[in-house]
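Heads up: the sequence lines are chains A and B, in that order. Using the working numbering, you'd call the opening residue of the first sequence number 1 and step up by one each time. Using the working numbering, you'd call the opening residue of the second sequence number 1 and step up by one each time. Note that the Cβ used here is the ideal one computed from N, Cα and C, for glycine as well. Keep in mind it's a predicted model, so treat the numbers as computed, not measured.
Protein chains: 2
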Amino acid sequence: MKRLLQALGGDAVWPPPIWLMRQAGRYLPEYRQLRAETPDFVSFCLDPKRAADATLQPIRRFGMDGAILFSDILILPWALGRDLTFTEGHGPRLTPLRAVDEVLALDKSRFLDRVAPVLETIGLIRSELAQKHPETALIGFVGAPFTVACYMIEGGGSKEFAETRRMAAASPGTFDQLIAVLTETSIDYLSAQIAAGAEAVMLFDSWAGLLSPTGFERHVIGPAARIAAAIGQRHPGVPMIGFPRLAGTMIAAYAEQAGVGTVGMDTAADPRVVRRLVPEATGLQGNLDPFALLQGGEVMEREARAILDAMNNRPFVFNLGHGVMPPTPPAHVAALVDLVRGR
Amino acid sequence: MKRLLQALGGDAVWPPPIWLMRQAGRYLPEYRQLRAETPDFVSFCLDPKRAADATLQPIRRFGMDGAILFSDILILPWALGRDLTFTEGHGPRLTPLRAVDEVLALDKSRFLDRVAPVLETIGLIRSELAQKHPETALIGFVGAPFTVACYMIEGGGSKEFAETRRMAAASPGTFDQLIAVLTETSIDYLSAQIAAGAEAVMLFDSWAGLLSPTGFERHVIGPAARIAAAIGQRHPGVPMIGFPRLAGTMIAAYAEQAGVGTVGMDTAADPRVVRRLVPEATGLQGNLDPFALLQGGEVMEREARAILDAMNNRPFVFNLGHGVMPPTPPAHVAALVDLVRGR
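Quick look at the structure:
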């Protein structure tokens, strides 16, 4: 069995498997070259050959234990009929969603047709992995409902996502309906990714930490639990990673109630404390500071070793606490892989 | 003894004392009127009569247990000779500090003269409290060195404070020197505030959660411990609150090592988990979601009661998890005070 799947299945594989969030991305010159061929980012994500190529670039360079599907969490709202554009330096723009009739108008009937290129991408990746990188497992993903709702309501990125949090408090009916649609379609989308060849799946909840504990239970843990239960039923044995970024102390409730086998730790998570808060059977993933990777050398080594020490004898996957930053030298990533593998 | 000082001294006073971060601010019409008289924000902070008036406005309305000095965490770098301006809608602007000679040029000799108006403000506040609100205690504050360094290096607010984190990793010498100057002057500034009449002091570390656990130990816990030790020595019995915002699970190490008597919890902190992680003797403060206060009614009531239930029989101060938001109706604040006091 592939080492990543062993670890995600609950074995304390050592040295731990490693992959990095945003390991396919702008820090790689070959990615920048590929990306330049298709300036429109949505078209790039929906081009099976190029998206598969982007996914595989870091595997060819570093032989990671996991390949993360190259796509974007906002492909789901796009597939549900919302406008989506990406502009250089400004990130994503969507038409802000504010009213219940816009939730009711989300086009659930066609969304699986619209993500067909993503499913085709998965097939291409699996095929190259089988031929050239048989030890690497493919991870599919969706943005978790709360985080996707943040972008849909706000209409893009935001420092505080004030409109989303206001709506969650002031219009719980509308907000819950949006979360319900995203939960249901996330299940179908992840299920289709698994059917197409994803060997594990991940829920990215980048803005989970904006909520209070009661909001977190309702809008983060609830949907994660529904998704994990449905995927567990439809695809027994396919592991799921949940990443409630910035959850802080709320990671305890998430690990106990969300039903995901592995929980991702962000940069601020203290692995020694998380170990105490999270049930023994739950796997952990994370959480090197991307700034330590950017810096490389002794800083990176010291921080990486502290994480390895804290995670010894535990089902664990080495990763960053957030994505690889664009100015990161690829040589630092190679050095990190060697360090974690003890070479 | 004033109830707030009892709670900060380690007694489980019940119902708990209450004050709110940014309780003096734009949500109050009388504040907006006062503020309009002095468009320049730095001048406003350094006008003893107006700053005292702003501090006292919420006390006159709501009879809070704590009055927080009306000032700004960036008055310290301003007093050290850095440029500082505030522009409507864009927050603070400072000349970015990037080089070690700029750290060496910080003018430690004159800074206490430059903050003299703040100390005068404290005297005016204490005098009105003594006459009209004898139950209300005055809290002085500084921004913690890491957070103040974030603004000084970046030159203002930022989503990620990338330059600061890059410098902390790449130029630890320069960064540590800046933190050392801010630690030393924070001690003198807090000490002067106490001498002028502050009855408790608070360290605001708004961006503490950006750091990894190793960076947090070095740049957040270390300076807090040096400040707490010095204040404890110079002013025995004056309580200190530390607020390492977004610390998440790192709150455990902070409570154990920073040496502050009371730790502030942000909105994302799960009070039930924090209770388990923080030594029994340490007081806690927080952490109602400002969006729940904005919403008011049942949402606010439910969230406030959950916090009160989790904090029962513990030295505790009721507060928000972050500041009062400008659109908050003052009537919601009044209702919250009544709820916490059980009226």
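Contact with chain A by residue i, beta-carbon distance below 7 Å
| i | result |
| --- | --- |
| B:Thr267 | yes |
| B:Ser158 | no |
| B:Gly248 | yes |
| B:Gly209 | yes |
| B:Met57 | In the sequence on display, residue 57 of chain B carries Gln and not Met. No, no contact with chain A. |
| B:Glu301 | no |
Reduced DSSP category for residue i - H, G, I as helix; E, B as strand; rest coil
| i | result |
| --- | --- |
| A:Ala24 | coil |
| B:Gly143 | strand |
| B:Ala258 | coil |
| A:Gln200 | For clarity, residue 200 of chain A is Ala in the given sequence; the question names Gln instead. Three-state DSSP puts A:Ala200 in a strand. |
| A:Leu46 | coil |
| B:Met325 | coil |
| A:Gly167 | Before going on, a small fix: residue 167 of chain A reads as Met here, not Gly. Here A:Met167 sits in helix by DSSP. |
| A:Lys132 | helix |
| B:Ala269 | coil |
| A:Ile73 | coil |
| A:Leu418 | An answer regarding residue 418 of chain A cannot be provided, because it is not within the stretch 1 to 343 covered by chain A. |
| B:Ala180 | helix |
| A:Arg343 | coil |
| B:Phe216 | helix |
| B:Arg98 | coil |
| B:Met1 | coil |
| A:His332 | helix |
| B:Pro117 | helix |
| B:Phe111 | helix |
| B:Val13 | coil |
| A:Asp309 | helix |
| A:Gly123 | helix |
| A:Val278 | coil |
C-beta neighbour in chain B for residue i, strict 7 Å
| i | result |
| --- | --- |
| A:Ala258 | no |
| A:Asp289 | yes |
| A:Arg26 | no |
| A:Arg165 | yes |
| A:Glu280 | no |
Residues bridged to residue i (per DSSP)
| i | result |
| --- | --- |
| B:Val299 | In the DSSP output, where bridge partners are listed per residue, B:Val299 has none listed. |
| A:Phe318 | A:Ile18 and A:Gly286 |
| B:Pro92 | B:Phe86 |
| A:Pro244 | A:Asp205 |
| A:Leu138 | A:Ala67 |
| A:Gly156 | A:Arg93 |
| A:Val263 | A:Gly242 and A:Leu284 |
Neighbouring residues, chain B, relative to residue i (Cβ below 8 Å)
| i | result |
| --- | --- |
| A:Gly321 | Ser212 |
Proximal residues of chain B, C-beta to C-beta of residue i below 9 Å
| i | result |
| --- | --- |
| A:Leu277 | Thr249, Val273, Arg276 and Leu277 |
| A:Glu30 | Per Cβ cutoff of 9 Å: no residues; A:Glu30 is ~24 Å from chain B at best. |
| A:Ala144 | Under the 9 Å cutoff, chain B gives no residues; its nearest Cβ is about 16 Å from A:Ala144. |
| A:Ala292 | Ala169, Ser212, Thr214 and Gly215 |
Listed by chain order, chain A residues near residue i by CB distance under 8 Å
| i | result |
| --- | --- |
| B:Ala252 | Asp270 and Val273 |
| B:Ala306 | Pro213 and Thr214 |
Residue i: contacting residues in chain B (beta-carbon distance under 7 Å)
| i | result |
| --- | --- |
| A:Gln23 | Correct list: empty, because the minimum Cβ distance to chain B is about 19 Å. |
Partners in chain A for residue i, counting only beta-carbon separations shorter than 7 Å
| i | result |
| --- | --- |
| B:Gln295 | Ala169 and Ala170 |
Residue i Cβ short of 6 Å to the ligand ZN heavy atom set
| i | result |
| --- | --- |
| B:Gly155 | Only the bare structure without any ligand can be found here, which leaves the ligand ZN out of the picture. |
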